[in-house]
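For reference, the structure discussed in these notes is given below.
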Amino acid sequence: MNGGDEVVAAPGGPPQPLEWKFSQVFGERTAGEEVQEVDIISAIEFDKTGDHLATGDRGGRVVLFERTDTKDNGGTRRDLERMDYPISRHPEFRYKTEFQSHEPEFDYLKSLEIEEKINKIRWCQTANGALFLLSTNDKTIKFWKVQEKKVKKISEMNVDPSKAVGNGNLASSSNLGSSKTHLANGGCPDRSFSCLSNDISFPPGGIPSLRLPQVVTSHETSLVARCRRVYAHAHDYHINSISNNSDGETFISADDLRINLWNLEISNQSFNIVDVKPANMEDLTEVITSAEFHPTHCNTLAYSSSKGSIRLIDLRQSALCDSHAKLFEEQEAPGARSFFTEIIASISDIKFGKDGRYILSRDYMTLKLWDINMDSGPVTTFQVHEYLRPKLCDLYENDSIFDKFECCLSGDGLRVATGSYSNLFRVFGCGTGSTEATTLEASKNPMRRQVPTPSRPSRSLSSSITRVVRRGAENPGVDANGNCFDFTTKLLHLAWHPTENSIACAAANSLYMYYA
Numbered sequence: 000m001n002g003g004d005e006v007v008a009a010p011g012g013p014p015q016p017l018e019w020k021f022s023q024v025f026g027e028r029t030a031g032e033e034v035q036e037v038d039i040i041s042a043i044e045f046d047k048t049g050d051h052l053a054t055g056d057r058g059g060r061v062v063l064f065e066r067t068d069t070k071d072n073g074g075t076r077r078d079l080e081r082m083d084y085p086i087s088r089h090p091e092f093r094y095k096t097e098f099q100s101h102e103p104e105f106d107y108l109k110s111l112e113i114e115e116k117i118n119k120i121r122w123c124q125t126a127n128g129a130l131f132l133l134s135t136n137d138k139t140i141k142f143w144k145v146q147e148k149k150v151k152k153i154s155e156m157n158v159d160p161s162k163a164v165g166n167g168n169l170a171s172s173s174n175l176g177s178s179k180t181h182l183a184n185g186g187c188p189d190r191s192f193s194c195l196s197n198d199i200s201f202p203p204g205g206i207p208s209l210r211l212p213q214v215v216t217s218h219e220t221s222l223v224a225r226c227r228r229v230y231a232h233a234h235d236y237h238i239n240s241i242s243n244n245s246d247g248e249t250f251i252s253a254d255d256l257r258i259n260l261w262n263l264e265i266s267n268q269s270f271n272i273v274d275v276k277p278a279n280m281e282d283l284t285e286v287i288t289s290a291e292f293h294p295t296h297c298n299t300l301a302y303s304s305s306k307g308s309i310r311l312i313d314l315r316q317s318a319l320c321d322s323h324a325k326l327f328e329e330q331e332a333p334g335a336r337s338f339f340t341e342i343i344a345s346i347s348d349i350k351f352g353k354d355g356r357y358i359l360s361r362d363y364m365t366l367k368l369w370d371i372n373m374d375s376g377p378v379t380t381f382q383v384h385e386y387l388r389p390k391l392c393d394l395y396e397n398d399s400i401f402d403k404f405e406c407c408l409s410g411d412g413l414r415v416a417t418g419s420y421s422n423l424f425r426v427f428g429c430g431t432g433s434t435e436a437t438t439l440e441a442s443k444n445p446m447r448r449q450v451p452t453p454s455r456p457s458r459s460l461s462s463s464i465t466r467v468v469r470r471g472a473e474n475p476g477v478d479a480n481g482n483c484f485d486f487t488t489k490l491l492h493l494a495w496h497p498t499e500n501s502i503a504c505a506a507a508n509s510l511y512m513y514y515a
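Under numbering that gives the first Met the number 0, the sequence shown has 87 at position 88, and the numbering climbs by one with no breaks.
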């Protein structure tokens, strides 16, 4: 899947499993430190270049980080390699700025509190050195511009600061060639002129030494975040996805029942392109859970449902795309149905591969890789935490079964990743013949949970396509280290660097970064 039409393997066999190392952590907690609810990270996103990273939290803040290991030398990594610069082993980031994106609101018509929590962040195209991004909470999308502006300072004041202590103190004028003394505000102590106040008088022609302060631009810069547009009042239900179009002009927003198409320049109207709301809400059987534009085809987008299906739609077919161009779903195994079947089949996240040929989906128990040219079933299924299957009743009781885990693909398309409980995340190889299935912990020692990984069983569909099921290290009821699983610490949000093997993931209020 490395920029072509096939899942490719390295020459001489599948690529070797990566050895992941800790890179950085932002917002690390000390032992026993209580995490504030508003500080918990709820969204992570790299920009297309990988030089900037944005996180959103439940307090409505957006925090930006910028890459430092290439910026100091100037130019992109590829340019630096041509110039034979020494390249650091992995991307390094530093805090850039933060701003309050959303505030808590109250819908008086529906008597509903609207949380400030950031649900999704998406980077837009940069222009004139400014960064642009979209952020959304449950109801309102905002378009932000972040730009470095030169600090303006006041210079050439009329007051000599070395001699003026207060407003009534005497200060010498810098321009008047007289021996007279003048007050700090331009007044003259000579009482022969007409008085305008009790203690200050001005000559009839004014004072030649009085001048307005000048504002000059200094060499210092400050980052300013400005909200350019607000896209509001278009969703009756909670927004779960926003996605930029490759045309650079439009984006979509999706809630449980509708998908709207917006133009970035127009905030007061949008077009409803998908509506799954039935005439009678009692007939509702599924809802939209995630939606994303194709990375290169501006007319194509995909959305997933709570029934475990993915629909591919073509905007050229009709204005209202209720009928899909393709439907991707896996047939249920006979006799495997249970009370939890529909709940765990619900897809929480979908992502297109970089070339748009493959779609990665995450449901509660598995990751699935789909080929958009093959709608008979997923190419590969990765079992994330199969050992939780006997505990589904407990997970249902404490609502953990409704947790929405995100997924991501590497830039070369050879690996996929997703989160789990106890702040663990999984990395799987999806190249032909790969058996890579790594469990990592969001800590400074990510590999400490490692145990030998069993090989994956597979079954052949045809001579050219193999559908496989991959399991990672499994031990029912306990993790790889023998500890009982902690369902309160979950790694829901993570992102893969677009060009390098580097992953950013969120564990509560801490942002961990790893490289291989």
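Just so it is clear, CB atoms sit at the ideal spot from N, CA and C, and this is done for glycine as well.
Specify the secondary structure class of Ala344 as computed by DSSP and reduced to three states.
Helix.
By a C-beta neighbour count over all protein chains shown, 10 Å radius and 16 as the cutoff for buried, is Tyr513 buried or exposed?
buried
Other residues of its chain near Glu147: CB distance less than 6 Å, five sequence neighbours each side excluded
Thr220, Leu222
Are the stretch 377 to 386 and the stretch 334 to 342 in contact at 8 Å, needing three or more beta carbon pairs?
no
Using the rule of at least 16 other Cβ atoms within 10 Å of the residue's Cβ for burial, across every protein chain shown, is Leu319 buried or exposed?
exposed
Spatial neighbours of Leu182 within its chain, please: C-beta separation below 6 Å, excluding the five flanking residues on both sides.
Summary for Leu182: the model assigns pLDDT 47, below 50, so the residue's position carries little reliability; its value from the coordinates is reported in the next sentence. Closer than 6 Å at Cβ, skipping near neighbours: no residue.
Rounded separation between Glu65 and Ala507 - CA only:
Cα to Cα, the separation comes out at about 21 Å.
Could you give the residue range of the alpha helix (DSSP H) that holds Cys516?
The displayed coordinates of the chain run from 0 to 515. Any statement about residue 516 would go beyond what the structure contains.
Cβ neighbour criterion (16 or more within 10 Å) applied to Tyr94
exposed
Helix, strand or coil, according to DSSP, for Val24 in the structure here?
strand
Ala278, buried or exposed, once every other Cβ within 10 Å from all chains shown has been counted against 16:
By the neighbour-count rule (16 or more Cβ atoms within 10 Å), Ala278 is not buried but exposed.
Would you report the Cα separation of Leu491 and Glu405, rounded to the nearest angstrom?
6 Å
Considering only their Cβ atoms, is the gap separating Ala441 from Cys504 smaller than 8 Å?
Yes.
Taking Asp393 as part of the beta strand (DSSP E), name the residues at either end of that continuous run.
Taken as a continuous stretch (DSSP letters only), Asp393 belongs to no beta strand (DSSP E), being part of the alpha helix (DSSP H) at 391 to 396.
Leu260 and Val145 - do their beta-carbons sit closer together than 8 Å?
no
Can you tell me whether Met446 is helix, strand or coil according to DSSP?
helix
Are Asp56 and Ile43 closer than 8 Å when you measure CB to CB?
Taking 8 Å as the Cβ cut-off, Asp56 and Ile43 do not qualify as a contacting pair.
To the nearest whole angstrom, what separates the beta carbons of Asn243 and Phe250, a pair I think is in contact under 8 Å?
5 Å
According to DSSP, is Glu291 helix, strand or coil?
strand
Going by alpha carbons, who is nearest to Pro445 out of Lys403, Ala515, Asp402, Leu394?
Ala515
Work out the CA separation of Gly59 and Lys489 for me, nearest whole Å.
20 Å
Quick check on Asp38: does DSSP put it in helix, strand or coil?
The answer is helix: DSSP assigns Asp38 an H, G or I state.
Contact under 8 Å by Cβ, Tyr386 with Trp369:
no
Nearest by alpha-carbon distance to Lys350: which of Thr48, Ser303, Glu341, Tyr511 is it?
Ser303
Beta-bridge partners of Asn259, as assigned by DSSP
Ser252, Asn271
Let's see if you can read the secondary structure: which residues bound the beta strand (DSSP E) around Met373?
Here Met373 belongs to no beta strand (DSSP E), and DSSP marks it neither H nor E.
Per DSSP, what kind of secondary structure is Ser501 in: helix, strand or coil?
strand
May I ask you to check if the CB of Lys325 is nearer than 7 Å to at least one heavy atom of the ligand MG?
The ligand content of the structure shown is nil, which means the ligand MG is not present either.
Thinking C-beta only, is Gly428 closer than 8 Å to Leu517?
The structure shown does not extend to residue 517, since the chain is modelled only from 0 to 515, so the question has no answer here.
Can you grab the Cα-Cα spacing for the pair Pro212 / Lys152, in whole Å?
10 Å
Environment of Thr29 [buried if 16+ CB atoms lie within 10 Å]
exposed
Straight-line gap, Val61 to Lys149 (C-alpha atoms, nearest Å)
22 Å
Distance, Ile502 Cα to Glu264 Cα
33 Å
Separation of Val34 from Leu133, as counted between CA atoms
Separation of Leu133 and Val34 (C-alpha to C-alpha, rounded to the nearest whole angstrom) is 27 Å.
Which residues in the same chain have their Cβ closer than 6 Å to the Cβ of Arg225, if we skip the five residues on either side of it in sequence?
Only Lys144 meet the Cβ criterion.
Enumerate in chain order the residues of its own chain whose CB-to-CB distance from Phe486 is below 6 Å, with the five nearest sequence positions on each side excluded.
Ser399, Tyr420
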